[in-house]
Amino acid sequence: MIKIILKYCIIITLIIIIGCSDKEINIYLTNPISIERIDEPVQINLERFGKLKFDPLKISVYEGDKEIPFQIDDLDMNNVPDHITFVLNFQPNERKKITIYNKPSQTNFQKRTQAELSRKFGYEYKNGKYNGGYFKNIDWIRVPDGHKDHDALFRYEGPGWESEKVGYRFYLDQRNRIDIFGKKVKDLVLQDIGVHDIEAKDDSYHNMQWWGMDIFKVGNSIGIGSIAMWSDNKMFTVEKTDSIYCYVESNGILRSGIKTKYFGWQVGENRYNLESNFSIFAGSRLTKTDLIVDPVPPNICTGLAKAENTEYFWNDKNESQWQYIALYGKQSLAGDDLGIAIIFKKENLIERFDDSLNYIVKLKTQNGKLTYYFLAAWQQEVDGIKNIQEFKNYLEGILLVLNNPIEIL
């Protein structure tokens, strides 16, 4: 038997909901392939249930007689719950019933993901730096117009999100690049990173800590999965904007995410409004990236930073709806092996190419909307991937699962 232990998001279109009543909702799910799927996140839009006759914030979810973790989200952030997420294990070709009951859960489930945004208070602003003070988590911020890199306004330079396996952050300044926190432990650790890095100088997480470290060199590259656009034969990252608003969209037990709205992103002579949402699920290495761009852009580019002592490879099989580009080798700042990848739909691909710093995929949106994934797999993870063949097998397994989503019968 083949076992696939992958975590990613399946957004399911519900065709039939069986057994709706005032007291419960029964959902039937089927694994269509002959592999075991462990800790499989399933995310369902509450609209698919029709008009709910009970409060989605006062429910419990069961598989048989066992209560399972679940999470209610407000993805559009309009103060109305709109999605439910839960995690399931599937045997090969298994069909199972999940029941949502109209009764509050009494179980405190383990928190397996985290997202946060931490800014400085009590500082002295002098010579373009936020000196002294202390960091405190916030729900959202309009980024100050004068903010720039390394001015010590944000703890670890911007928002972060993590699962048990890996953490990510992006620089909430003119760079807008994504970086990687490699983790040696399964604990959630973002709350401990950079707490004492009060001054604008080299940060503690660039050296090995009890939990791991910043393992990725970004520099002037696109980093991993960062957002850009190709125009006039060059790449424009999200550097020049009129204003930026950043939000902790979700900080849940099974899923966490960061939403950012950029107004007036300048690309050559054109300007765009961009909304990005980076989210991660329990037990997963994958960050799901959902973008909305207005007006509709000619393309969106993303990619991977080039590094010495690595092998670049990709999957472009015609029979697969999903493809990837990937890089593996001794590219971590700890001096050991790290695998990184971008996963995207074949129908969105315009071309693959590279420049002096990056391996790039140019993608087309669907009426301004685009979804892709990026991931990092570090050698020092608990039960981590140890060589390039394991990494290639892992990526092929992800494509297998993405190509065969859970079915609703």
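All residue numbers for the sequence shown refer to this note's numbering, where the first residue is 15 and numbers rise by one. Positions of the beta carbon are idealized from the N, C-alpha and C atoms, including for glycine. None of these values were measured; they are calculated from a predicted model.
| Query | Result |
| --- | --- |
| Strictly by DSSP, which residues pair up with N372? | A319 |
| In three-state DSSP terms, what is K406? | helix |
| Kindly indicate which residue of N362, Q394, K125 has the alpha-carbon position closest to the one of I82. | K125 |
| Would you tell me roughly how many angstroms separate the C-alpha atoms of Q393 and F184, rounded to the nearest one? | 22 Å |
| Using DSSP with H/G/I as helix, E/B as strand and the rest coil, what is K197? | strand |
| Compute the Euclidean distance between the alpha carbons of F354 and K37, then round it to the nearest angstrom. | The sequence given here has Ile at residue 354, not Phe. Cα to Cα, the separation comes out at about 45 Å. |
| Is it buried or exposed, S240, if we count other Cβ atoms within 10 angstroms and call 16 or more buried? | buried |
| Would you mind sorting Y338 into buried or exposed? The rule is 16 or more other CB atoms within 10 Å of its CB. | buried |
| Please state the DSSP three-state secondary structure of E171. | helix |
| Can you tell which of F292, D369, I420, C260 has the C-alpha that lies nearest to the C-alpha of Y386? | F292 |
| Need the endpoints of the beta strand (DSSP E) that G181 sits in, please. | 180 to 184 |
| Under 8 Å, with one C-beta from each stretch per pair, do the region 208 to 217 and the region 139 to 150 reach the 3-pair mark? | yes |
| Taking 8 Å as the threshold, find out whether the region 156 to 163 comes into contact with the region 254 to 262 through three or more Cβ pairs. | yes |
| For K12, name the three-state secondary structure that DSSP assigns. | Given that the chain is displayed from residue 15 to residue 423, the structure contains no residue 12 and the question cannot be resolved. |
| Which whole-angstrom value describes the C-beta separation of V262 and Y286, a residue pair presumed to lie in contact below a C-beta threshold of 8 Å? | Actually they are not in contact, since the Cβ atoms of V262 and Y286 sit about 24 Å apart, beyond 8 Å. |
| Determine the extent of the beta strand (DSSP E) in which A391 is found, giving its start and end residues. | 383 to 392 |
| Can you have a look at G237 and say buried or exposed, based on whether 16 or more other CB atoms are within 10 angstroms of its CB? | buried |
| Since T99 contacts P55 with CB under 8 Å, what's their CB separation in whole angstroms? | 6 Å |
| Going by C-alpha distance, which of F135, N59, K179 is nearest K506? | Because the chain spans 15 through 423 in this model, residue 506 falls outside it and cannot be assessed. |
| In chain order, what are the residue ranges of uninterrupted beta strand (DSSP E) at least 3 long that sit wholly in the region 257 to 327? | 257 to 265, 269 to 281, 284 to 295, 300 to 308, 314 to 319 |
| Since A340 is in the beta strand (DSSP E), which residue starts that stretch and which ends it? | 336 to 343 |
| Along the chain, where does the beta strand (DSSP E) that runs through G226 open and close? | 226 to 228 |
| For the beta strand (DSSP E) that contains I49, what are its first and last residues? | 49 to 59 |
| Mapping the DSSP letters down to three states, classify I112 as helix, strand or coil. | strand |
| May I ask you to report which of helix, strand or coil DSSP gives R191? | coil |
| What residue does the beta strand (DSSP E) around L71 start on, and which one ends it? | L71 -> no beta strand (DSSP E), and no H or E assigned at all. |
| For a quick check, are the C-beta atoms of A390 and I194 less than 8 Å apart? | yes |
| Assuming I112 contacts I41 under a Cβ cut-off of 8 Å, what Cβ separation, rounded to an integer in Å, is found between them? | 5 Å |
| Which class does L414 belong to by DSSP, given the choice of helix, strand or coil? | helix |
| Looking only at C-alpha atoms, which of E130, E253, F168, F84 sits nearest to L204? | E130 |
| To the nearest angstrom, report how far apart E213 and K140 are at their CA atoms. | 12 Å |
| Spatial neighbours of N323 within its chain, please: C-beta separation below 8 Å, excluding the five flanking residues on both sides. | G343, K344, Q345 |
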